[in-house]
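Position 227 of the sequence shown, counted from 1, bears residue number 258 in the numbering used here, the numbering being contiguous throughout. Where is the CB? At the ideal position from N, CA and C, for every residue including glycine. Remember, predicted model here, so these are calculated numbers, not experimental data. Only one structure is covered here, and it is reproduced in the block below.
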Amino acid sequence: MLKLENISLTFNPGTVNEKKALENLNLHLEKGDFVTILGSNGAGKSTLFNTIAGTYLPDSGKVYLDGKDITKLPDYKRSKEIGRLFQDPLKGTAPNMTIEENLALAYLRANHAKSPFSMVSRADRAEFRDRLAMLNLGLEDRMNQPVGLLSGGQRQALTLLMATLVTPKILLLDEHTAALDPGTAEIVLELTKKIVAEHGITCLMITHNLASSLALGNRTIMMEGGHILLDLKNEQRAGLTPDDLLHLFRSQGLDNDRILLS
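Rendered as structure tokens:
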């Protein structure tokens with residue numbers, strides 16, 4: 032499904048600010064994998080996402096999606112097959128446009144059978160309403176309201192729906208609940224689990240919450256210094272507790288207050 036081979040990326044090469052963000056990184060995901068990613072700040076987690084999404088072009092290495100080399104494919108072309116949510120709820124939507132207009136943009140951008148300049152049909156609008164109703168947030172009755180009037184949690188739930196309205200091959204979740212209050216974060220996580228499971232979406236999720244990294248998905252990766260230090264799956268991951276993960280993190284000579292407090 033997704034394969035990264037010997038990916039390296041250096042920021043500001045040849046200067047005093049040179050930073051090796053990724054170094055000979057290899058990763059292979061099977062269809063339907065749900066991978067949670069842990070790591071300290073600067074470990075390379077978001078850079079990894081930016082490389083998969085096409086925001087950054089690696090210095091060396093290859094990115095394959097379904098066996099196709101997409102290493103040099105621009106991000107706007109990858110967006111038809113790669114959905115993404117950011118930590119900031121404001122990043123995924125257009126605040127001055129209505130809920131329906133935001134959904135229409137996401138639908139036309141990702142739907143291979145539609146031109147970006149197509150009009151959404153009455154059936155499309157009915158589908159938008161049905162999908163909004165599944166969120167249980169009452170947004171299906173507010174389709175003509177500007178998205179800027181929604182709360183952060185409502186916007187993030189809407190962004191999740193937009194990213195999966197046309198089922199993507201890969202869904203990238205970059206700490207997508209970190210900016211939300213605990214109650215709202217739990218609602219969005221439950222929605223994430225439900226949508227990913229229903230559509231069998233291959234998913235990567237960055238988190239600093241040790242409990243979430245074990246409760247969600249089937250695989251946990253630990254990163255540091257642009258490398259994957261640990262890749263836990265199946266029986267290796269089963270039965271692990273947050274304390275076990277913290278011990279593994281420390282056994283690699285690493286420590287991080289944000290993870291300690293999560």
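- Task: Could you work out which residue in ASN48, VAL94, LYS111, VAL66 is closest to LYS200 when comparing CA atoms only?
- Result: LYS111
- Query: Expressed to the nearest angstrom, what Euclidean distance is found between the alpha-carbon atoms of LEU291 and PHE280?
  - Reply: For LEU291, the predicted structure reports a pLDDT of 45, less than 50, and the residue's modelled location is therefore unreliable. A value from the coordinates is still provided. Cα to Cα, LEU291 sits roughly 10 Å from PHE280.
- ASP64 to GLY256, Cα distance in whole Å? Straight-line Cα distance between these residues: approximately 24 Å.
- Query: Identify the residues that DSSP records as bridge partners of GLU255: which are they?
  - Reply: HIS258
- Message: So if DSSP puts ILE113 in a beta bridge, which residue, or which two residues, is it bridged to?
- Response: ILE113 pairs with ILE201.
- Curious, which full-length alpha helix (DSSP H) runs of at least 4 residues does the region 216-252 contain? 241-246
- Message: Using DSSP's beta-bridge definition, name the partner residues of GLY70.
- Response: MET254
- Task: Grab the span of the alpha helix (DSSP H) containing ALA210 for me, first residue to last.
- Result: That residue, ALA210, is in no alpha helix (DSSP H); it is neither H nor E in DSSP.
- Could you check how far apart the C-beta atoms of ILE237 and GLU206 are, in whole angstroms? I think they sit under 8 Å. 5 Å
- Query: Using the C-alpha atoms, what's the distance from ALA228 back to THR190?
  - Reply: 17 Å
- Task: May I ask you to report which of helix, strand or coil DSSP gives ILE101?
- Result: coil
- Name the residue from PRO89, MET165, LEU203, GLY179 whose alpha carbon lies nearest to the alpha carbon of LYS225. MET165
- Task: Would you identify the three-state DSSP class for ALA52, choosing helix, strand or coil?
- Result: strand
- Item | Pick from GLU132, ASP274, LEU247 that is closest to ASN265, judged by C-alpha positions | LEU247
- Does the separation of the CB atoms of GLY179 and ASN133 fall below 8 Å? no
- Message: Would GLU61 and MET32 be called neighbours here (beta carbons separated by less than 8 Å)?
- Response: yes
- Message: Give me the residue from ARG160, LEU104, MET254 with the minimum Cα distance to ARG173.
- Response: ARG160
- Message: Output needed for LEU211: all residues of its chain with C-beta closer than 8 Å, excluding positions within five of it in sequence on either side, in chain order.
- Response: PRO120, GLY183, GLY184, GLN187, VAL219
- Rounded to the nearest angstrom, how far is the Cβ of ARG162 from that of LEU192, given a contact under 8 Å? The Cβ separation is near 6 Å, so the contact holds.
- Query: How about ALA137 and ARG115: do their beta carbons lie closer than 8 Å?
  - Reply: Taking 8 Å as the Cβ cut-off, ALA137 and ARG115 do not qualify as a contacting pair.
- Nearest-angstrom Cα distance between SER293 and ALA154? Low per-residue confidence applies at SER293: pLDDT is 46, beneath 50, and the placement is therefore not dependable, though the value from the model is reported in the following sentence. Looking at the two C-alpha atoms, the distance is approximately 44 Å.
- Please name the residue in LEU245, HIS258, ASP274 whose C-alpha comes closest to that of ARG268. LEU245
- Task: Verify whether the separation of the beta carbon atoms of GLY36 and GLY92 is less than 8 Å.
- Result: According to the sequence shown, residue 36 is Glu rather than Gly. Their beta carbons are under 8 Å apart, which means GLU36 touches GLY92 by this criterion.
- Query: So, are the CB atoms of ALA141 and VAL197 less than 8 Å apart?
  - Reply: yes
- Message: Once DSSP output is grouped into helix, strand and coil, what is the label at GLY270?
- Response: coil
- Task: Can you say whether SER282 is buried or exposed, counting buried as having 16 or more other CB atoms within 10 angstroms of its CB?
- Result: exposed
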